[in-house]
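Q: Pasting in a structure now, in structure tokens, and then I'll have a few things to ask.
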Amino acid sequence: SMIEDISKKRIPHERSQITDHLTVSVGVASIMPANDENWEQLISKADQALYLSKAKGRNQAKLYSAVN
238 SMIEDISKKR IPHERSQITD HLTVSVGVAS IMPANDENWE QLISKADQAL
288 YLSKAKGRNQ AKLYSAVN
């Protein structure tokens, strides 16, 4: 995966107070147009998934779930 590939490169991240190398945290969400959801809700859900990814240890992808 992209996350694993970047992690293996151990790219220095000198300004980080979290880790000494670059990590990738991703939040993923999808919507069904028939559910009257809009792009703002989509971004909000992806953002929630991103912060879950960071809260669970970073350097991973999380899919939005209403049950997070």
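Add 237 to the 1-based position in the sequence shown for the numbering used here, that's all there is to it. C-beta atoms are modelled at their ideal positions from N, C-alpha and C, and glycine is treated no differently.
Would DSSP call residue 259 helix, strand or coil?
A: Residue 259: coil per DSSP, three-state reduction.
Q: Which word fits residue 272, buried or exposed, when buried means at least 16 other C-beta atoms lie within 10 angstroms of its C-beta?
A: The residue is exposed, with fewer than 16 neighbouring Cβ atoms inside 10 Å.
Q: Taking 9 Å as the threshold (C-beta atoms), are residue 261 and residue 283 in contact?
A: No, they are not a contact pair.
Q: Between the C-alpha atoms of residue 257 and residue 242, what's the straight-line distance to the nearest angstrom?
A: Approximately 16 Å, taken between the alpha carbons.
Q: Is residue 299 helix, strand or coil when you go by DSSP?
A: Strand.
Q: Compute the distance between the beta-carbons of residue 263 and residue 240, then report whether it is under 9 Å.
A: Yes; because the gap between Cβ atoms is below 9 Å, this pair is in contact.
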